[in-house]
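Data first, discussion second: the structure below is written as structure tokens.
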Amino acid sequence: MKVLSVFNQKGGVGKTTTTINLGAAFALMMSHEAGTDEEPGRVLIIDLDQQTHSEITLSGGFFGQRRPTGLGPYDNIAGLLMMDTALPVTDIIRTSEIPHGARRNMDFIPSSKDKMPNVDTVLKNDPIDGLFRLRGILETVEPFYQYVVIDNPPGLSYLSINSLVGSTHVVIPCQLEAPSIEGLTSALKTIQSVQRQHNPRLQFLGILPTMCDFRQQEQNEFLASLRGQYNSHILTPISRRADVSYANSEGLDIFSFKPARRSDQLMSANPATQEFAHVAEEIRQRMG
Ligand SMILES: Nc1ncnc2c1ncn2[C@@H]1O[C@H](COP(=O)(O)OP(=O)(O)OP(=O)(O)O)[C@@H](O)[C@H]1O
Ligand SMILES: [Mg+2]
Numbered sequence: 259m260k261v262l263s264v265f266n267q268k269g270g271v272g273k274t275t276t277t278i279n280l281g282a283a284f285a286l287m288m289s290h291e292a293g294t295d296e297e298p299g300r301v302l303i304i305d306l307d308q309q310t311h312s313e314i315t316l317s318g319g320f321f322g323q324r325r326p327t328g329l330g331p332y333d334n335i336a337g338l339l340m341m342d343t344a345l346p347v348t349d350i351i352r353t354s355e356i357p358h359g360a361r362r363n364m365d366f367i368p369s370s371k372d373k374m375p376n377v378d379t380v381l382k383n384d385p386i387d388g389l390f391r392l393r394g395i396l397e398t399v400e401p402f403y404q405y406v407v408i409d410n411p412p413g414l415s416y417l418s419i420n421s422l423v424g425s426t427h428v429v430i431p432c433q434l435e436a437p438s439i440e441g442l443t444s445a446l447k448t449i450q451s452v453q454r455q456h457n458p459r460l461q462f463l464g465i466l467p468t469m470c471d472f473r474q475q476e477q478n479e480f481l482a483s484l485r486g487q488y489n490s491h492i493l494t495p496i497s498r499r500a501d502v503s504y505a506n507s508e509g510l511d512i513f514s515f516k517p518a519r520r521s522d523q524l525m526s527a528n529p530a531t532q533e534f535a536h537v538a539e540e541i542r543q544r545m546g
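Per our numbering, the very first residue in the sequence shown carries number 259; after that it's consecutive.
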């Protein structure tokens, strides 16, 4: 099982958009690869952000949201991390409404807007395994998933460190603007210190330039300088496009918003689907 943290301490850089679209791409790719009488591999999305943006998309979008039924107030990722639920994680996991065209092989662990804000304090008060609780949860689902993608909250918290400690791989979404360099440098430092102290198996996959506008000369220069510094660690850039933002507002991944004409294909003529498909393939290859 490959566990991918989408991580950047800076807010609003595209972490949630990256999580949803990579998860959807992996689910669609595995749906297409599996034979008709074969079960495709599965993807699990974990939303660690108290804004619960990923979860809103996964459960039907802002307007069509269907709350997971049959679950109590602690039967969610917050309750699991605080050990306040009696249910095993496998009874809490729900199947996502997206991506359309996949064989219902993307799941998520429900989150809780009410309970998530308490989690960090509980983790902080547990000096023995406060950093390892997510890793423990992930170990129990290992047999069922090929990929887990974790959407992280902005800032540095026990939650985001839990994510890095539980992950096998990490990607940093980053905008091509000067203020982003600070965020990038801190994210890289955090990753190195988690690798050293708690999780030597964590592999840094790369920096994903997000919301790029190459009509702006500064963004081209910025990308060139990042490539100079981090060379092969720079992944396929994702452009700023209205369709990505519309898809987010509709509660859809880009592949469901602009589907391919043929049901066995990932990319449509829409350039945003092409960029996300490309980067998903690149990341899949790097994860091995
Ligand atoms: N490629 C893109 N083109 C256009 N808009 C985008 C693109 N990627 C993200 N956005 C928009 O930018 C905003 C921030 O993106 P997103 O929510 O993914 O960032 P985030 O890092 O998860 O933010 P936060 O730190 O608040 O969790 C959202 O409104 C999203 O719809
Ligand atoms: Mg987010």
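C-beta atoms are modelled at their ideal positions from N, C-alpha and C, and glycine is treated no differently.
Let's test the definition: count the other Cβ atoms within 10 Å of the Cβ of residue i and tell me whether it reaches 16, buried, or not, exposed.
{"i": "T448", "result": "buried"}
{"i": "P385", "result": "exposed"}
{"i": "E400", "result": "exposed"}
{"i": "T277", "result": "buried"}
{"i": "R300", "result": "buried"}
{"i": "D305", "result": "buried"}
{"i": "M341", "result": "exposed"}
{"i": "H358", "result": "exposed"}
{"i": "P411", "result": "buried"}
{"i": "E479", "result": "exposed"}
{"i": "S425", "result": "buried"}
{"i": "F472", "result": "exposed"}
{"i": "D333", "result": "buried"}
{"i": "T379", "result": "exposed"}
Just checking residue i against ligand 2 - is the residue's beta carbon closer than 7 Å to any of the ligand's heavy atoms?
{"i": "T616", "result": "Absent from the model: residue 616. The displayed extent of the chain is 259 to 546, so no value can be given."}
{"i": "D511", "result": "no"}
{"i": "T274", "result": "yes"}
{"i": "D409", "result": "yes"}
{"i": "D384", "result": "no"}
{"i": "D307", "result": "yes"}
Hey, residue i and residue j are a contact pair by Cβ (cut 8 Å); roughly how many whole angstroms apart?
{"i": "V347", "j": "L339", "result": "That pair is no contact at about 11 Å."}
{"i": "V264", "j": "I408", "result": "7 Å"}
{"i": "I350", "j": "L329", "result": "7 Å"}
{"i": "L434", "j": "V428", "result": "Rounded, the Cβ-Cβ distance is 20 Å, inconsistent with contact."}
{"i": "G509", "j": "T315", "result": "5 Å"}
{"i": "A336", "j": "S370", "result": "5 Å"}
{"i": "L262", "j": "V406", "result": "7 Å"}
{"i": "Q308", "j": "M374", "result": "4 Å"}
{"i": "T494", "j": "F513", "result": "About 16 Å; that fails the 8 Å criterion."}
{"i": "P431", "j": "L392", "result": "At roughly 20 Å, the Cβ-Cβ gap does not stay under 8 Å, so P431 and L392 are not in contact."}
{"i": "H311", "j": "T343", "result": "Contact flag wrong, Cβ pair sits at about 22 Å."}
Since residue i is in the beta strand (DSSP E), which residue starts that stretch and which ends it?
{"i": "T468", "result": "Q461 to T468"}
{"i": "P431", "result": "H427 to Q433"}
{"i": "I439", "result": "Where I439 is concerned, there is no enclosing beta strand (DSSP E), although the alpha helix (DSSP H) it sits in stretches over A436 to Q455."}
Terminal residues of the continuous alpha helix (DSSP H) containing residue i?
{"i": "L552", "result": "The shown model of the chain, from 259 to 546, leaves out residue 552, and the question about it has no answer."}
{"i": "D378", "result": "M374 to K382"}
{"i": "F480", "result": "Q475 to Y488"}
{"i": "I496", "result": "Taken as a continuous stretch (DSSP letters only), I496 belongs to no alpha helix (DSSP H), as it is neither H nor E."}
{"i": "S263", "result": "Per DSSP, S263 belongs to no alpha helix (DSSP H); it is in the beta strand (DSSP E), K260 to V264."}
{"i": "L345", "result": "Per DSSP, L345 belongs to no alpha helix (DSSP H) and is neither H nor E."}
{"i": "F515", "result": "I512 to F515"}
{"i": "M288", "result": "K273 to E291"}
{"i": "L302", "result": "Note, L302: premise wrong, no alpha helix (DSSP H); beta strand (DSSP E) at V301 to D305."}
Let me check you understand the geometry: is the CB of residue i closer than 7 Å to at least one non-hydrogen atom of ligand 1?
{"i": "V271", "result": "yes"}
{"i": "V502", "result": "yes"}
{"i": "P368", "result": "no"}
{"i": "M525", "result": "no"}
{"i": "I492", "result": "no"}
{"i": "I439", "result": "no"}
{"i": "T468", "result": "yes"}
{"i": "I335", "result": "no"}
{"i": "R542", "result": "no"}
{"i": "N506", "result": "yes"}
{"i": "R499", "result": "yes"}
Sorry if obvious, but does the Cβ on residue i come closer than 7 Å to a heavy atom of ligand 4?
{"i": "A535", "result": "By its list of ligands, the structure shown excludes ligand 4, since it contains just ligand 1 and ligand 2."}
If you pair each beta-carbon of the stretch 279 to 289 with each one of the stretch 354 to 366, do three or more pairs fall below 8 Å? yes
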